[in-house]
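All remarks here apply to the structure that follows.
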Amino acid sequence: MSDTGSHIELDVKAVEDDGTFTGYASTYAVDQGRDVVVPGAFAKSLATRPAGRIKMLRDHDPRQLIGQWIDAKEDATGLWVKGRLLLDIGAAKEAYTLIKAGALDGLSIGFRTLRDRWDSAKKVRFLEEVDLREISLTAFPMNESAAVQAVKDDDFARRIVAAIHRANAQIQRA
Numbered sequence: 051m052s053d054t055g056s057h058i059e060l061d062v063k064a065v066e067d068d069g070t071f072t073g074y075a076s077t078y079a080v081d082q083g084r085d086v087v088v089p090g091a092f093a094k095s096l097a098t099r100p101a102g103r104i105k106m107l108r109d110h111d112p113r114q115l116i117g118q119w120i121d122a123k124e125d126a127t128g129l130w131v132k133g134r135l136l137l138d139i140g141a142a143k144e145a146y147t148l149i150k151a152g153a154l155d156g157l158s159i160g161f162r163t164l165r166d167r168w169d170s171a172k173k174v175r176f177l178e179e180v181d182l183r184e185i186s187l188t189a190f191p192m193n194e195s196a197a198v199q200a201v202k203d204d205d206f207a208r209r210i211v212a213a214i215h216r217a218n219a220q221i222q223r224a
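If you count the sequence shown from 1, you need to add 50 to reach the working numbering.
This is the structure we're talking about:
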């Protein structure tokens, strides 16, 4: 199981009240294992196994099925995903709490390599085609930029709006 890596800063590490969140499961950069997923590597896999058939696990553990992927697509950054934690499951509720607190934010892909090439000069393996099997929430992804992204959190949004109103009131008093 491998990912790609460079760090993406997150604005808010939260999930919606229903457990929905988005993020990048993979990006097109060198990961800690010296692998690079290249653009288009997921295309055939996503055509035959849509998001709903990709498993959402905790730490690549098949005994910890914690949710379902709603959408998965490649874009200019990497493999963007949208998923929903099934909050009636204990491990999913725990993941939800950890994500909301900002303690859990990594995503990691589980796949079979179908086509790759080794660049001996760069000492990097380029993954040209992969069979995506699962995407896990994990504390330590191989790809440091594979992470849960900023997602609407009603509580957070209310705090931001209140802060903006307070700042506007102070500006008007000045």
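Ideal Cβ placement from N, Cα and C applies to all residues, glycine included.
Everything numeric in this text was worked out from a predicted model, so none of it was measured.
Give the secondary structure of residue i by DSSP, where H, G and I count as helix, E and B as strand, and everything else as coil.
| i | result |
| --- | --- |
| I58 | The predicted position of I58 is uncertain, since its pLDDT is 43 and thus under 50; a value taken from the coordinates is nonetheless stated next. Coil at I58, not helix or strand. |
| T127 | coil |
| K132 | strand |
| D96 | Residue identity differs from the one stated: residue 96 is Leu in this sequence, not Asp. DSSP places L96 in helix when its eight states are reduced to three. |
| A141 | helix |
| R208 | Unreliable placement is indicated for R208, whose pLDDT of 45 sits below 50; the coordinate value is still reported in the next sentence. The answer is helix: DSSP assigns R208 an H, G or I state. |
| Y78 | coil |
| L177 | strand |
| A122 | strand |
| A101 | helix |
Could you say which of the options lies nearest to residue i if we only look at CA atoms?
| i | options | result |
| --- | --- | --- |
| L154 | F176, L187 and V80 | L187 |
| R167 | G160, I159 and L177 | L177 |
| K94 | D67, R162 and R134 | R162 |
| L96 | E179, T77 and T70 | E179 |
| W119 | P112, A101, D111 and L107 | A101 |
| V80 | A197, M192, I159 and Q199 | M192 |
| I12 | A126, P112, K150 and I139 | With the chain covering 51 to 224 only, the question about residue 12 has no answer from this structure. |
| E66 | D169, Y146 and V174 | Y146 |
| A142 | A122, G160, L115 and D125 | L115 |
| A196 | I159, R108, K172 and G133 | I159 |
| I149 | A189, T98, P89 and R84 | A189 |
Looking only at DSSP bridge pairs, what is residue i linked to?
| i | result |
| --- | --- |
| L107 | L115 and S186 |
| G83 | G83 is not bridged to any residue. |
| V198 | G73 |
Roughly how far, in whole angstroms, is the beta-carbon of residue i from the beta-carbon of residue j, given that I think they are within contact range, below 8 Å?
| i | j | result |
| --- | --- | --- |
| T32 | V131 | Nothing about residue 32 can be reported from this structure: the residues present for the chain run from 51 to 224 only. |
3 or more residues per run - each beta strand (DSSP E) lying fully within the segment 146-175: 156-169
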